Structure formats: structure tokens, C-alpha cells
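There are 2 protein chains.
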Amino acid sequence: MLSKRARYAIKSLIYLYKNEGSSPVSAKSISVNENIPFKFLEKILRELRQHKIIKSERGAEGGYRFFKSPQTVRVVDIMRIIDGPIALVPCVSENFYEKCEECVDEEICILRRLFSELRDQMLPVLEETIADLSQK
Amino acid sequence: MLSKRARYAIKSLIYLYKNEGSSPVSAKSISVNENIPFKFLEKILRELRQHKIIKSERGAEGGYRFFKSPQTVRVVDIMRIIDGPIALVPCVSENFYEKCEECVDEEICILRRLFSELRDQMLPVLEETIADLSQK
DNA sequence: ATAAAACTCTACTAATTTGGTAGGAATTAA
DNA sequence: TTAATTCCTACCAAATTAGTAGAGTTTTAT
Chain A
131 MLSKRARYAI KSLIYLYKNE GSSPVSAKSI SVNENIPFKF LEKILRELRQ HKIIKSERGA
191 EGGYRFFKSP QTVRVVDIMR IIDGPIALVP CVSENFYEKC EECVDEEICI LRRLFSELRD
251 QMLPVLEETI ADLSQK
Chain B
131 MLSKRARYAI KSLIYLYKNE GSSPVSAKSI SVNENIPFKF LEKILRELRQ HKIIKSERGA
191 EGGYRFFKSP QTVRVVDIMR IIDGPIALVP CVSENFYEKC EECVDEEICI LRRLFSELRD
251 QMLPVLEETI ADLSQK
């Protein structure tokens with residue numbers, strides 16, 4: 131399952147996409163309209179900012195905007211930032227690879243083929259961008 | 131990510147498939163050969179037995195056998211038993227459906243389409259059986 | 001009979017992750 | 001200067017995960 135943090139992050143970005151205009155979008159308005167606990171949201175937005183997905187403007191009338199274009203930010207990017215690997219076993223993860231500790235022989239580990247096939251099926255779906263997602 | 135319990139469960143079943151013969155396979159031998167903590171494994175095997183995936187024979191020379199044929203036990207079945215839903219959001223789960231609490235309007239929840247598409251891509255891969263998986 | 005090898009069951013525990021909350025400092029527009 | 005806003009650190013509670021402990025039950029071989 132996705133964590134709530136990841137769900138909140140994706141929803142926030144969709145909201146941002148739909149509401150970004152001449153002025154940036156405040157955390158408060160995201161919180162209220164998307165029903166996300168304010169303080170929790172702040173932390174999520176910070177993480178997205180630190181990963182250069184969004185940028186912030188401080189002070190009154192401040193808020194958030196996209197840093198990268200929403201046409202290039204993919205759902206998979208957000209999931210990796212917030213929840214970590216997409217793959218279900220670490221030894222087939224592209225971005226978070228780790229040897230499976232208890233695997234006797236990784237070369238012939240029988241789970242690798244299945245779960246790398248699974249990852250290959252998942253990725254294209256998750257490569258949808260925030261912009262595309264918001265419009266459908 | 132898969133939980134260790136689920137990884138252990140799948141590996142145990144593959145081991146069982148490869149070693150089941152005239153005599154059943156003991157938890158001890160699975161534990162030693164697959165490098166799984168013995169007492170932890172016992173609990174996992176119990177769950178698989180309670181869900182009629184395997185059956186047990188008690189006493190000396192006892193152990194485990196398949197209850198259902200390994201040609202019919204799918205990876206997805208084990209994952210659901212041990213880890214729960216396959217879908218990444220509860221509102222698109224077939225077997226563990228739940229309304230997403232914070233969703234303002236489920237009908238138009240923008241995440242549903244994406245994650246139900248994802249689930250549809252994942253399922254066929256995970257429908258591979260223990261028998262098939264063991265042979266490739 | 002009895003000892004050994006196995007499964008069965010309940011209960012507990014430790015570590016990690018998740019989902020937050022609290023409070024204040026810094027910044028900016030009006 | 002004040003109100004609105006982000007920024008940052010620290011903390012906390014609940015849930016989940018990954019085990020461990022130990023006593024009990026069943027069966028086989030001797």
C-alpha cells in the first residue's frame with residue numbers, strides 16, 4: 131500500500147497544478163481543500179521542495195509553486211521520494227538496490243525474475259505525469 | 131516492498147515444492163536451507179496451513195505438504211494471505227476494498243484510475259503459480 | 001513404555017515505520 | 001509593525017513487523 135504521506139503528496143501536487151496561477155498556493159489552502167493535517171502536510175511539502183519538485187515563497191502571500199514543470203514530474207518520482215523503492219524486493223530495485231540478505235545465491239534467486247517482471251509492468255503506468263493525471 | 135514474512139512464505143513453498151516426496155518436509159529443514167528463523171517460520175507455516183495452502187503431519191517424521199496443488203497456488207494468493215491487498219490504494223482493492231477516508235468525492239477521485247490500471251498490470255504477473263515459478 | 005522428533009499454540013518483546021503534534025524562528029507583504 | 005506564511009527541530013503515539021520463549025500435543029522408532 132501507498133503510505134498516506136505519498137497519497138497526500140500526490141494529491142497536493144494535483145491540487146497545486148490545478149490552482150497555481152499568478153500567486154503561489156499556500157499549505158493552508160491545500161490542507162483545507164484536500165483534507166490533510168496541516169503540520170503533517172508542511173513536512174511533506176518540505177520534502178518535495180528539498181527534492182526540487184516544488185519551490186516555495188516565504189512570507190505573507192507566500193506558498194508553493196512547481197519547480198520542475200508538472201509535465202515532467204511523474205507519479206513514480208513522488209513515490210520514490212516519499213516511500214522509497216517501487217520494486218517489491220530490494221534486489222530488483224533500480225534506485226534502491228540492495229542484496230537480499232537471506233538469499234543463498236542471488237544469481238539463481240527464483241524471485242528475481244518474477245519481481246523484476248512485475249516492476250517492468252508497473253513502471254510505465256507510474257510514469258504518468260502530474261499534468262496528465264490531473265486532466266483525465 | 132514485500133514483507134519478510136511474505137518472502138519467507140514464498141520461498142518456503144518453493145522449497146516445499148522441490149523437496150516434497152514420499153515424506154513431508156520439516157520446518158527445520160526449510161529453516162536451515164532457506165535461512166529463515168525457525169520460530170518465525172513456524173508461525174508463517176501455520177498461517178499457510180490455516181488458509182489451506184499446506185497441510186501438516188505431526189510427530190516424528192512429520193512435516194508439511196501441499197494441501198492445494200502447487201499448480202494452483204499462485205504467488206498472489208500467498209501475498210494476500212500474508213501481506214494483504216495487492217492494490218496500492220484501498221479503494222481499488224478487489225479483496226480488501228475500503229473507502230479512502232480523505233477522498234472528497236470517490237467517484238471522481240483522480241487516483242483511482244491510475245492505481246486500478248496499475249493493479250491490472252500487476253495481477254497477471256503475480257498469478258504465476260508456485261509450480262511454474264519453481265521450474266523457470 | 002519411552003525418548004526423540006516434530007507440529008501447535010499463546011504470549012511476550014524489541015525495533016522500525018507511520019502518522020502525526022508542538023512551538024517557535026525567519027521572512028515578507030501590506 | 002503586524003499578520004500571514006514558510007522553515008526547522010524536536011517530540012510523541014499507534015501500528016506494524018520481525019522475531020523469541022516456552023509449554024503442550026502428537027507420532028514414530030526402539
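Chains A and B supply the protein sequences, listed in that same order.
Here my numbering is used: position 41 in the first sequence is 171, and no number is missing along the way.
Here my numbering is used: position 55 in the second sequence is 185, and no number is missing along the way.
Don't be surprised by glycine CBs; every beta carbon is placed ideally from N, CA and C.
Because the structure is a prediction, the values reported are computed rather than measured.
Endpoints, the alpha helix (DSSP H) within which residue i is located
i	result
Glu-307 (chain A)	Absent from the structure is residue 307 (chain A), since the part of chain A shown begins at 131 and ends at 266.
Tyr-147 (chain A)	134-149
Beta-ladder partner(s) of residue i, from DSSP
i	result
Ile-184 (chain B)	B:Phe-196
Arg-204 (chain B)	B:Thr-259
Val-155 (chain A)	A:Tyr-194
Beta-carbon gap between residue i and residue j smaller than 8 Å
i	j	result
Ile-291 (chain B)	Glu-257 (chain B)	For residue 291 (chain B) there is no data in the structure shown, the boundaries of chain B being 131 and 266.
Ile-140 (chain A)	Leu-218 (chain B)	no
Arg-179 (chain A)	Thr-259 (chain A)	no
Ile-184 (chain A)	Leu-171 (chain A)	no
Pro-215 (chain A)	Cys-230 (chain A)	no
Ile-160 (chain A)	Ser-186 (chain A)	no
Met-252 (chain A)	Gln-251 (chain B)	yes
For this session: State whether the segment 242-250 of chain A contacts the segment 150-168 of chain B, with contact taken as three or more CB pairs (one from each stretch) at a distance under 8 Å.
Result: They do not touch, by the three-pair rule.
For this session: Count the CB pairs spanning the segment 200-217 of chain A and the segment 136-146 of chain A that are closer than 8 Å, and state whether there are at least three.
Result: Contact between the segment 200-217 of chain A and the segment 136-146 of chain A is established, with three or more Cβ pairs separated by less than 8 Å.
Exercise. For the 8 Å Cβ check, are there 3 or more pairs between the segment 186-193 of chain B and the segment 208-221 of chain B?
Worked result: The count of Cβ pairs closer than 8 Å, one atom from the segment 186-193 of chain B and one from the segment 208-221 of chain B, stays below three, leaving the stretches out of contact.
Exercise. Can at least three beta-carbon pairs, one atom from the segment 134-143 of chain A and one from the segment 158-166 of chain A, be found at a separation below 8 Å?
Worked result: Short answer: they touch.
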